[in-house]
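**Student:**
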Ligand SMILES: Cc1ncc(COP(=O)(O)O)c(C=O)c1O
């Protein structure tokens with residue numbers, strides 16, 4: 006793995022380090038998040054899809070309230086995968102009709118809460134549809150209710166984020182339950198949406214298209230069946246999920262959103278002509294390239310026992326990079342190195358390093374045999390492309406303090422602390438609870 010060629014993130018780090026009071030000695034690690042990038046991505050989505058499309062950005066990718074509020078100000082919505090994510094979305098000010106609640110394990114109380122708050126709701130199972138049917142007569146709601154389908158079109162290259170295989174813990178398996186699903190829509194007139202999500206990262210474009218198409222065909226079949234019975238169009242919303250893959254490395258060559266939108270329009274024209282209200286749930290594509298993370302190198306451990314590969318001891322590991330530590334073959338980042346003042350270290354990357362975190366277990370190593378210029382204590386290790394699914398996967402093991410998150414606008418270095426660094430008192434409160 007090489008150093009990332011772009012210099013801009015190092016320049017941002019350098020400017021942040023020299024900005025008075027922004028980064029202090031306690032900030033052993035910092036997340037930097039480009040707010041202009043976020044704005045640009047949302048604008049791109051608006052341009053590529055029909056104007057009526059609801060872009061419900063996945064909260065799980067980046068759940069900071071200050072970021073969610075900015076997403077809301079851009080007029081798009083949020084997708085929530087749990088009750089707290091749903092509360093975050095509503096607290097961020099997002100109008101309920103722009104919030105999609107997708108948790109796969111909703112309790113009766115959670116369903117009731119969602120319906121009372123009029124958010125969009127996707128049932129994940131046939132049993133959940135039955136629960137919703139029980140609860141609906143007990144309250145007034147404007148919620149639009151859909152059913153998540155597993156299109157069973159296959160898995161991508163990453164098993165843990167592929168959810169459209171023959172077996173998936175998500176949704177109702179299409180091949181197994183097709184007729185049951187159709188009957189369910191015939192019976193329940195309040196079921197007016199279908200939902201599909203094929204996977205996140207590692208799913209090639211043809212697989213994403215195949216999954217969406219399988220559920221689009223189902224929507225068409227159900228609407229046709231209802232028309233034959235003299236009923237009007239019942240399925241009016243189509244939620245195609247997220248999952249467009251993104252580049253982590255220069256050799257990655259993911260499809261563009263433009264390509265995805267073009268193929269969707271060609272193969273499923275009714276998603277674009279107003280027949281269905283289209284809903285998207287992108288997360289990684291929106292956030293990934295907007296964020297990078299830095300950690301000070303506290304020590305460099307010389308090692309003869311490891312074939313001469315020394316170990317840079319840094320302040321982040323499996324607390325923030327859980328997938329990178331447990332599944333390094335599938336999840337990894339590009340790295341760069343800067344000195345204590347933020348100047349790029351551009352010497353030849355002749356030495357390889359282990360990048361070891363601060364947690365109390367041996368697996369807490371986010372990078373192995375990484376070629377970098379010579380590292381010294383006090384340097385900053387830059388971990389690129391961390392805007393999605395890193396901070397949001399924060400682990401509480403060893404009670405580490407979540408780092409400060411600094412927002413900036415493109416290259417003009419207008420700083421905004423999006424979240425202060427956690428204090429030890431914050432951790433005390435976390436473990437103690439409200440008591
Ligand atoms: C139901 C659902 N929607 C949307 C997403 C977002 O996927 P991505 O961030 O890959 O776009 C996920 C990710 O796991 C998901 O499970």
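In my numbering, the protein residues as written are 6 to 440. Yeah, the Cβ is synthetic: ideal placement off N, Cα and C, and Gly gets one too.
(1) How many whole angstroms separate the CB atoms of residue 70 and residue 97, which I take to be in contact at a CB cut-off of 8 Å?
(2) Measuring alpha carbon to alpha carbon, tell me which residue in 16, 198 and 208 is nearest residue 221.
(3) Taking C-beta to C-beta, are residue 1 and residue 172 nearer than 9 Å?
(4) Nearest-angstrom Cα distance between residue 394 and residue 205?
(5) Can you confirm whether the stretch 395-402 touches the stretch 321-328 when touching is taken to mean that 3 or more C-beta pairs between the two stretches lie within less than 8 Å?
(6) Can you tell which of 313, 24 and 105 has the C-alpha that lies nearest to the C-alpha of residue 420?
(7) In the structure shown, what three-state DSSP assignment does residue 77 receive?
(8) Can you tell me the Cβ-Cβ gap for residue 124 and residue 91, rounded? I've got them flagged as a contact below 8 Å.
(9) My output table needs one value for residue 10: the three-state DSSP class, helix, strand or coil.
(10) Output yes if chain C places a C-beta closer than 9 Å to the C-beta of residue 401; else output no.
(11) Measuring CB to CB, does residue 159 end up less than 9 Å from residue 215?
(12) How is the beta strand (DSSP E) around residue 59 delimited, first residue to last?
(13) Would residue 375 and residue 362 qualify as a contact pair, given that the criterion is a beta-carbon distance under 9 Å?
(14) Is the beta carbon of residue 256 within less than 8 Å of some heavy atom of ligand 1?
(15) Considering only residues of the same chain and omitting the five flanking positions on each side of residue 365, which have a CB-CB separation below 7 Å?
(16) Return the residue from the list 22, 314, 423 and 60 that minimises the CA-CA distance to residue 373.
(17) Please find out if some non-hydrogen atom of ligand 1 comes closer than 8 Å to the beta-carbon of residue 243.
(18) Taking DSSP as the reference, what is the three-state secondary structure of residue 381?
(19) Hey, could you find the ends of the alpha helix (DSSP H) residue 331 is sitting in?
(20) Can the beta-carbon of residue 37 be found less than 9 Å from the beta-carbon of residue 412?
(21) Quick one: Cα of residue 408 to Cα of residue 67, how far?
(22) Could you say which of 391, 289, 30 and 382 lies nearest to residue 338 if we only look at CA atoms?
(23) The alpha helix (DSSP H) spanning residue 134 covers which residue range?
(24) Here's the rule I'm using: 16 or more other beta-carbon atoms within 10 Å means buried, otherwise exposed. How should residue 39 be labelled?
(25) Should residue 358 be listed as close to ligand 1, given that the test is whether its C-beta is under 8 Å from any heavy atom?
(26) Going residue by residue through the stretch 154-236, where are the continuous alpha helix (DSSP H) segments of at least 4 residues, counting only ones entirely within it?
(27) Taking DSSP's pairing of strands, which residues face residue 372 in a bridge?
(28) Could you give the distance in angstroms between the alpha-carbon of residue 9 and the alpha-carbon of residue 269?
(29) Do you know how far the Cα of residue 152 is from the Cα of residue 109?
(30) Tell me the residue span of the alpha helix (DSSP H) that contains residue 251.
(31) Taking the DSSP output, what are the residues bridged to residue 296?
(32) So, are the CB atoms of residue 245 and residue 291 less than 9 Å apart?
(33) Cα-Cα, which of 190, 259, 257 and 202 is closest to residue 229?
(34) Given a cut-off of 9 Å, decide if residue 14 and residue 287 are closer than it, judged by their beta-carbon atoms.
(35) DSSP puts residue 301 in a beta bridge; with which residues?
**Tutor:** Looking at the atomic coordinates:
(1) One-based indexing of the chain shown puts residue 70 at position 65. One-based indexing of the chain shown puts residue 97 at position 92. Their Cβ separation, rounded to whole angstroms, is 6 Å, which keeps residue 70 and residue 97 in contact under 8 Å.
(2) Here residue 221 corresponds to residue number 216 of the chain shown, with the count starting at 1. That would be 198, whose Cα lies nearest to the Cα of residue 221.
(3) Beyond the ends of the chain as shown, which are 6 and 440, falls residue 1; an answer cannot be given.
(4) In the chain shown, the residue the question calls residue 394 occupies position 389. In the chain shown, the residue the question calls residue 205 occupies position 200. Cα to Cα, residue 394 sits roughly 11 Å from residue 205.
(5) yes
(6) Along the chain shown, one-based indexing puts residue 420 at 415. Of the listed residues, the one whose Cα sits closest to residue 420 is 24.
(7) For the purposes of this step, residue 77 is taken as the residue at position 72 of the chain shown. Helix, per DSSP.
(8) If you number the chain shown from 1, residue 124 lands on position 119. If you number the chain shown from 1, residue 91 lands on position 86. Right, their Cβ atoms sit about 7 Å apart.
(9) On the chain shown, residue 10 is found 5 positions in, with the first residue counted as 1. In this predicted model, residue 10 has a pLDDT of only 44, less than 50, meaning its place in the structure is not dependable; the value taken from the coordinates is given anyway. Here residue 10 sits in coil by DSSP.
(10) As a matter of chain content, chain C is missing from the structure shown, which is built from one protein chain.
(11) Here residue 159 refers to the residue found at position 154 when the chain shown is read from its first residue. Here residue 215 refers to the residue found at position 210 when the chain shown is read from its first residue. Yes; because the gap between Cβ atoms is below 9 Å, this pair is in contact.
(12) Residue numbering aside, residue 59 sits at position 54 when the chain shown is read from its first letter. 59-63 is the span of the beta strand (DSSP E), which, as asked, contains residue 59.
(13) What you label residue 375 is simply residue 370 of the chain shown in a count that begins at 1. What you label residue 362 is simply residue 357 of the chain shown in a count that begins at 1. Cβ atoms of residue 375 and residue 362: not closer than 9 Å.
(14) In the chain shown, the residue the question calls residue 256 occupies position 251. Outside the cutoff, so no.
(15) In the chain shown, counting from the first residue as 1, residue 365 sits at position 360. Here the set comprises 403.
(16) As a position in the chain shown, residue 373 is number 368, starting the count at 1. Ranking 22, 314, 423 and 60 by Cα distance to residue 373 puts 314 first.
(17) One-based indexing of the chain shown puts residue 243 at position 238. Residue 243: no, Cβ never under 8 Å from ligand 1.
(18) By 1-based counting over the chain shown, the position of residue 381 is 376. Residue state, collapsed to three classes: coil.
(19) Position 326 of the chain shown, counted from the start, is the residue given in the question as residue 331. First-last of the alpha helix (DSSP H) with residue 331: 327-331.
(20) Here residue 37 refers to the residue found at position 32 when the chain shown is read from its first residue. Here residue 412 refers to the residue found at position 407 when the chain shown is read from its first residue. A contact, by the Cβ cut-off of 9 Å.
(21) Here residue 408 refers to the residue found at position 403 when the chain shown is read from its first residue. Here residue 67 refers to the residue found at position 62 when the chain shown is read from its first residue. Straight-line Cα distance between these residues: approximately 14 Å.
(22) Stepping through the chain shown from its first residue, residue 338 is reached at position 333. Considering only alpha carbons, the answer is 391.
(23) The residue given as residue 134 occupies position 129 in the chain shown. Run containing residue 134: 131-140, per the alpha helix (DSSP H) assignment.
(24) The residue you call residue 39 lines up with position 34 of the chain shown. Residue 39 is buried by the Cβ-count criterion.
(25) Translated into the one-based positions of the chain shown, residue 358 becomes position 353. Residue 358 Cβ: outside cutoff for every heavy atom of ligand 1.
(26) 179-192 and 210-233
(27) Start at 1 with the first residue of the chain shown, and residue 372 comes out as number 367. Partner(s): 360.
(28) Here residue 9 corresponds to residue number 4 of the chain shown, with the count starting at 1. Here residue 269 corresponds to residue number 264 of the chain shown, with the count starting at 1. Its pLDDT being 47, under 50, residue 9 is placed unreliably by the model, and the measurement read from it follows with that caveat. Cα to Cα, the separation comes out at about 33 Å.
(29) Residue mapping note: residue 109 aligns to position 104 of the chain shown, counting from 1. Residue mapping note: residue 152 aligns to position 147 of the chain shown, counting from 1. Rounded to the nearest angstrom, the two C-alpha atoms are 11 Å apart.
(30) The sequence position of residue 251 within the chain shown is 246, counting from 1. Neither: residue 251 is in no alpha helix (DSSP H) and is coded neither H nor E.
(31) Position 291 of the chain shown, counting from 1, holds the residue named residue 296. In DSSP, residue 296 forms a bridge with 38.
(32) If you number the chain shown from 1, residue 245 lands on position 240. If you number the chain shown from 1, residue 291 lands on position 286. In this structure, residue 291 does not lie closer than 9 Å to residue 245 by Cβ.
(33) Here residue 229 refers to the residue found at position 224 of the chain shown. That would be 190, whose Cα lies nearest to the Cα of residue 229.
(34) On the chain shown, residue 287 is found 282 positions in, with the first residue counted as 1. On the chain shown, residue 14 is found 9 positions in, with the first residue counted as 1. No; because the gap between Cβ atoms is not below 9 Å, this pair is not in contact.
(35) The residue given as residue 301 occupies position 296 in the chain shown. DSSP, once it has assigned bridges, lists 385 as partnering residue 301.
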